[in-house]
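Peer 1:
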Amino acid sequence: MHLQVSNVSKSFGEGRDRKLVLEDISFELVSGQFMALVGSSGSGKSTVMRLIAGLERPSEGTIHLDGEQVRRPGSDRGMVFQKYSLYPWLTAAQNVAFGLSLQGRGKAEIRERTAYFLDVVGLADAARLLPRELSGGMQQRVAIARALATEPKVLLLDEPFGALDLQIRESMQEFLHDLWKTTGLTALLITHDIEEALLLAGTVHIMAPRPGRIVHTVAVQLDRSDLRHLRVSQPFLELREELAGRLRSLDGSLL
Amino acid sequence: MVRSPALRRFFHHPWVLGVLGILTVFVVWFLATSSGMVDKLFLPGPGAVWQAGSDQFQQGILVKDAIASIQRVFLGFVISAGLALPIGIAMGTNRTICHLLEPLMGLIRYMPAPAFIPLLIIYFGLEELPKVMLIFIGTFFFNTLMIMDAVKFVPSELVETALTLGGRGVPILTRVVAPFIAPQVLDTYRINMASAWNLVIVAELVAANEGLGKRISLAQRFLRTDEIFVGLIVIGLIGLIIDLGFRFLMRRACSWAN
């Protein structure tokens, strides 16, 4: 798997209302990598994700997935939204099965894969529950299972834990890290939370706002054997503080 | 006032209070008429109305009238609802179609449907067609615009999720949009069904051989207020049953939305 984002710019609106949202974004993502884009609101990080998902088209530049240009949404790029993305009339299992049945897979295969991915996210017991009967964290795990079930080449996570309580967010970060380790998935995470990015991603891009652009890239080399310990370890806190300072100075330069 | 918790729970049950409200009116009605304070010609007692009703029932008029009215309502409303669904969805999902049709429908919607009766009689005569058309005209535009609104409120995340799962085109409509709007569509139909009943009675008052509205206008001619009351109560009951039917359907089919 090779995702290549080359010199992508995006503007919305026409004529005098034209507004540049992203300027000259380039990066690449390869199999098994976990990458994060961090930025404050207005940095256009969600737009980057929507461009890769094919929900928007770049104004300039190109996005290629395995050599093929991205022109529309497809199941090779699974997406998890911040919230409200489960179908409220379908059970957890039916939600996970949704993409598979859209693709017209056989009944037996759908049943088997649904059970497997519900189990992967630890929700085998919740298969028959409706989304409104699930907690926020469980709902996001169903959304992740649904995205994984169609076997995407890359998983796009748009602030997946942004709407959750702090404690649940921490356990979800550990869950996602374990999932990445066990399944070897390739992921691109959008977040405004530096800690989250540093805990999970091997490569972190810091984005500046107005227009959105990548201003700094860090290759994170930390011992991730115990995330709980890592959160309070000295090297982690120092790196977090350094990046937080950079983000603050970006916001400060706007005033 | 009410001390015992069991009794309070009983009185707070919505059905109990509803029945109590209806019973109160009946008691007042009964007392007012049996006391002899009101002229029986203007306000017949519950007994007289019951008698008139059972007479009509035994002669077979009541059932025949009810069937005639129900048929008109259902025919007009089924056509209206059936056309409003695809057109409303099309307007809600496609901006061009919406811009093309919304002003037109917004305009016609404010034309009172009964004002079309003279035209409908000129065009279609005095048979069933003008009555069915009246119900269609009176409900179609409301149905369509309300369904359009429901479609516009489908969260974009639900549609975009389906797109990123490999969905495209018609399956998005049938598997995302349709189930999401189903509760609102049922509610739209339930609300506009009430106008359909208004209109069928209006149409029958103007020109009809049978029907509950026709029976009321005949009763007026012979000063049979008891028969007018029979008509009113039967219309109310049928409306209530249809309303409850829609609510039941909604609870069964869209339990996720409650």
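Sequence lines, in order, name chains A and B. Going by the numbering used here, the first sequence runs without a break in its numbering and finishes at 256. Going by the numbering used here, the second sequence runs without a break in its numbering and finishes at 316. C-beta: ideal position from N, C-alpha, C; glycine also. Computed from a predicted structure; not experimentally measured.
Closer than 7 Å by beta-carbon distance: list the chain B residues that pair up with Phe99(A), in chain order.
Peer 2: Leu223
Peer 1: Skipping 5 residues on each side, what residues in its chain have a beta carbon closer than 6 Å to that of Phe162(A)?
Peer 2: Arg170 and Met173
Peer 1: Is Phe82(A) helix, strand or coil when you go by DSSP?
Peer 2: Looking at Phe82(A) - three-state DSSP - the assignment turns out to be coil, as it is neither helix nor strand.
Peer 1: Please work out which residues of its chain come closer than 7 Å, Cβ to Cβ, to Thr92(A), disregarding the five sequence neighbours upstream and downstream, and give them in chain order.
Peer 2: Ala128, Arg129, Leu130 and Leu131
Peer 1: For a test of the three-state rule: what should DSSP assign to His65(A), helix, strand or coil?
Peer 2: The DSSP-derived three-state label of His65(A) is strand.
Peer 1: Taking 8 Å as the CB-CB cut-off, is Gly246(A) touching chain B?
Peer 2: no
Peer 1: Please report whether the beta-carbon of Pro72(B) lies at a distance below 8 Å from any beta-carbon of chain A.
Peer 2: no
Peer 1: Any beta carbon from chain A within less than 8 Å of Thr154(B)'s own beta carbon?
Peer 2: With 8 Å as the cut-off, Thr154(B) does not count as an interface residue toward chain A.
Peer 1: Closest by CA to Leu200(A), which one among Lys46(A), Arg106(A) and Phe237(A)?
Peer 2: Phe237(A)
Peer 1: Under 8 Å Cβ-Cβ, which residues of chain B neighbour Met80(A)?
Peer 2: Glu218, Thr219 and Thr222
Peer 1: Under 8 Å, CB to CB, which of the residues in the segment 196-216 of chain B have a partner in chain A?
Peer 2: Only those residues of the segment 196-216 of chain B whose C-beta falls short of 8 Å from the nearest C-beta of chain A are listed: Pro213, Glu215 and Leu216.
Peer 1: Identify the continuous beta strand (DSSP E) that holds Asn8(A) and give its terminal residues.
Peer 2: His3 to Phe13
Peer 1: Please confirm if the segment 211-228 of chain A is in contact with the segment 42-54 of chain A, defined as three or more CB-CB distances below 8 Å between the two stretches.
Peer 2: Yes, they touch.
Peer 1: For the beta strand (DSSP E) containing Val221(A), name the first residue and the last one.
Peer 2: Looking at the DSSP string, Val221(A) is not in any beta strand (DSSP E), and its letter there is neither H nor E.
Peer 1: Considering only the alpha carbon of each residue, which of Met139(A), Leu189(A), Thr218(A) and Asp77(A) lies closest to Ser86(A)?
Peer 2: If we check each option's Cα against that of Ser86(A), Met139(A) comes out closest.
Peer 1: By the 8 Å beta-carbon criterion, what residues does the segment 103-122 of chain A contribute toward chain B?
Peer 2: Leu103 and Gln104
Peer 1: Should Asp151(A) be flagged as near chain B, meaning a C-beta pair shorter than 8 Å?
Peer 2: In the sequence as displayed, the identity of residue 151(A) is Thr instead of Asp. At least one CB atom of chain B sits nearer than 8 Å to the CB of Thr151(A).
Peer 1: Whole angstroms is fine: what's the gap from Ile193(B)'s alpha carbon to Gly76(B)'s?
Peer 2: C-alpha separation (whole angstroms): 30 Å.
Peer 1: Short of 8 Å in beta carbon distance, which residues of its chain neighbour Leu256(A), apart from the five on each side in sequence? Order them along the chain.
Peer 2: Any answer about Leu256(A) is weak, because its pLDDT of 45 lies below 50 and its placement is not dependable; what the coordinates show is given next. None.
Peer 1: Using the three-state DSSP reduction, which class does Ser42(A) fall into: helix, strand or coil?
Peer 2: coil
Peer 1: How many Å lie between Leu167(A) and Leu158(A) at the Cα?
Peer 2: 18 Å
Peer 1: Nearest-angstrom Cα distance between Gly107(A) and His71(B)?
Peer 2: C-alpha separation (whole angstroms): 49 Å.
Peer 1: Who are the neighbours of Ser76(A) on chain B, taking C-beta pairs under 8 Å?
Peer 2: Thr222, Leu223 and Gly224
Peer 1: Measure the CB-CB distance between Leu124(A) and Val143(A) and report whether it falls below 8 Å.
Peer 2: Cβ distance < 8 Å, so Leu124(A) and Val143(A) count as in contact.
Peer 1: Just to confirm the assignment, what range does the alpha helix (DSSP H) spanning Glu215(B) have?
Peer 2: Ser214 to Thr222
Peer 1: Out of Asp67(A), Asp224(A), Val71(A) and Gly137(A), which one is the CA nearest neighbour of Arg51(A)?
Peer 2: Val71(A)
Peer 1: Between the segment 102-119 of chain A and the segment 234-247 of chain B, do at least 3 Cβ pairs fall closer than 8 Å?
Peer 2: Three or more Cβ pairs closer than 8 Å define a contact, and the segment 102-119 of chain A falls short of that threshold against the segment 234-247 of chain B.
Peer 1: State the CB to CB distance for the pair Ser127(B) and Gly269(B), rounded to an integer number of angstroms; the pair is presumed to be in contact (CB under 8 Å).
Peer 2: 5 Å
Peer 1: Can you list, in chain order, the residues of its chain whose CB lies under 7 Å from that of Val49(A), leaving out five sequence neighbours each side?
Peer 2: Leu23, Ile26 and Leu38
Peer 1: Closer than 9 Å, Cβ to any Cβ of chain B: which residues of the segment 33-64 of chain A, in chain order?
Peer 2: Of all residues in the segment 33-64 of chain A, those with a C-beta nearer than 9 Å to a C-beta of chain B are Arg51, Ala54, Gly55 and Leu56, reading in chain order.
Peer 1: Classify His206(A) as buried or exposed, calling it buried when 16 or more other Cβ atoms lie within 10 Å of its own Cβ.
Peer 2: buried
Peer 1: For Asn96(A), which option in Gln141(A), Glu160(A), Arg73(A) and Glu57(A) has the closest C-alpha, if you only look at C-alpha atoms?
Peer 2: Gln141(A)
Peer 1: Please look up how many angstroms separate the CB atoms of Gly79(A) and Ser7(A), rounded, as I've assumed it's under 8 Å.
Peer 2: The pair is not a contact, with the Cβ atoms about 22 Å apart (cut-off 8 Å).
Peer 1: When you compare the CB positions of Phe211(B) and Arg167(B), do they come within less than 8 Å of one another, or not?
Peer 2: no
Peer 1: In its own chain, which residues sit with a C-beta less than 6 Å from the C-beta of Val219(A), not counting the 5 before and 5 after it?
Peer 2: Val205
Peer 1: For the alpha helix (DSSP H) containing Met163(B), name the first residue and the last one.
Peer 2: Arg153 to Arg167
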